[in-house]
Every structure is written in C-alpha cells, then in structure tokens.
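Novice:
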Amino acid sequence: MKMAPSFVKLYEQMSEPKYVIAMGACTITGGMFSTDSYSTIRGVDKLIPVDVYLPGCPPKPEAIIDAITKLHKKISCEIYEDRIRSQQGGRCFTTNHKFCLVCSTQIPPKTFFNYKGSLHIYFLIL
C-alpha cells in the first residue's frame with residue numbers, strides 16, 4: 001500500500017507502448033496474506049491495466065514462455081489493426097470502371113489510340 005502511489009507514477013512515466021505482465025499469485029490476487037491485511041492490495045490490476053496474467057507461486061518456465069507468446073500475439077494484432085485502420089482512412093473512390101475481357105483481334109485500332117475519354121479498360125488475350 002505504501003508503494004502504490006510510486007508504482008502508479010512509475011507506470012504513468014513510461015513511454016508508449018506500455019505492456020504489463022502480472023507475474024505470480026501475489027501480483028494477481030494479493031497472495032494468501034491479502035485477506036486479513038490492510039497493507040496489501042488484492043491485485044495489481046486495481047492500480048494499472050494488465051495485459052497478461054501469469055499465475056503460479058512461482059510460475060513455471062512453460063507458463064512464462066506462454067505469457068510472453070500471448071503478449072507477442074497481442075502486440076502483433078494491435079500492429080495489424082492499426083495498419084488496417086490507417087489504410088482505410090486514406091482511401092477514396094471516385095470512378096467506377098468497367099472491365100471488358102476480349103481477344104486482341106476484336107479490338108478496333110481506334111481504341112488503342114483514343115483511350116483518353118473512355119472508361120473501358122481492355123485486357124489483351126493473346
């Protein structure tokens with residue numbers, strides 16, 4: 001309880017992006033002494049946002065690797081979602097184009113030279 005203000009201040013001073021792994025039973029729930037003690041907080045998530053919970057006292061090595069993998073997947077998803085959001089924001093659609101699929105022998109010669117005013121796009125099949 002004494003360190004809670006300093007802990008929150010430390011978290012707020014960190015630069016973005018911030019990721020938190022709550023590691024161990026005492027960090028997640030306050031531990032076995034939290035029920036009858038006024039000086040402990042029942043979980044660090046009451047002070048700061050937690051991304052991944054890692055239970056155990058002490059946590060097993062496999063659980064640590066799993067927690068890091070989960071955090072890596074979460075970061076990858078956030079990066080992908082940000083990229084998709086930024087790509088969709090800059091799009092604008094102005095003209096509907098008509099696509100025609102014809103053989104090259106069926107296209108009149110004027111089409112190749114007078115294409116400026118036409119909205120038709122021809123694909124050549126040779």
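Going by this note's numbering, the sequence shown runs without a break in its numbering and finishes at 126. Quick reminder that beta carbons are idealized off the backbone N, C-alpha and C, glycines included.
Would you decide whether V8 is buried or exposed? Buried here means 16 or more other CB atoms lie within 10 Å of its CB.
Specialist: Translated into positions along the sequence shown, residue 8 becomes position 8. It is exposed - the Cβ of V8 has fewer than 16 other Cβ atoms within 10 Å.
Novice: According to DSSP, is S118 part of a helix, a strand, or is it coil?
Specialist: Reading the sequence shown from its first residue, position 118 is the one you call residue 118. Only weak support is given to the placement of S118: the predicted model assigns it a pLDDT of 46, under 50, and the value that follows is read from those uncertain coordinates. In this structure, S118 counts as coil in the three-state DSSP scheme.
Novice: Would you call the region 34-49 in contact with the region 61-76, where contact means no fewer than 3 C-beta pairs closer than 8 Å?
Specialist: no
Novice: Pairs of beta-carbons, one from the region 21-33 and one from the region 51-59, closer than 8 Å: are there three or more?
Specialist: yes
Novice: Comparing alpha-carbon positions, which option in D66, V52, S37, I79 lies nearest V20?
Specialist: Position 20 of the sequence shown, counted from the first residue, corresponds to residue 20. Nearest option by C-alpha distance: V52.
Novice: K18 to E78, Cα distance in whole Å?
Specialist: The count along the sequence shown starts at 1 and reaches residue 18 at position 18. The count along the sequence shown starts at 1 and reaches residue 78 at position 78. The alpha-carbon atoms of K18 and E78 are separated by roughly 12 Å.
Novice: Name the residue from D82, K2, Y80, T69 whose alpha carbon lies nearest to the alpha carbon of Y38.
Specialist: Within the sequence shown, residue 38 is the residue found at index 38, counting from 1. Closest by alpha carbon: K2.
Novice: Given a threshold of 16 other Cβ atoms within 10 Å of its Cβ, counted over all protein chains shown, does I28 qualify as buried or as exposed?
Specialist: Numbered from 1 along the sequence shown, position 28 holds the residue referred to as residue 28. The residue in question, I28, is buried, as its Cβ has 16 or more Cβ neighbours within 10 Å.
Novice: Taking the alpha-carbon positions, what's the I48 to E12 distance?
Specialist: Looking up residue 48 in the sequence shown gives position 48. Looking up residue 12 in the sequence shown gives position 12. Cα to Cα, I48 sits roughly 9 Å from E12.
Novice: Quick one: grab the DSSP three-state call for L10.
Specialist: Taking the first residue of the sequence shown as position 1, residue 10 is located at position 10. In this structure, L10 counts as helix in the three-state DSSP scheme.
Novice: Determine the closest residue to I64 out of M14, M23, S15, with distance taken between C-alpha atoms.
Specialist: Looking up residue 64 in the sequence shown gives position 64. Of M14, M23, S15, the residue nearest in Cα terms is M23.
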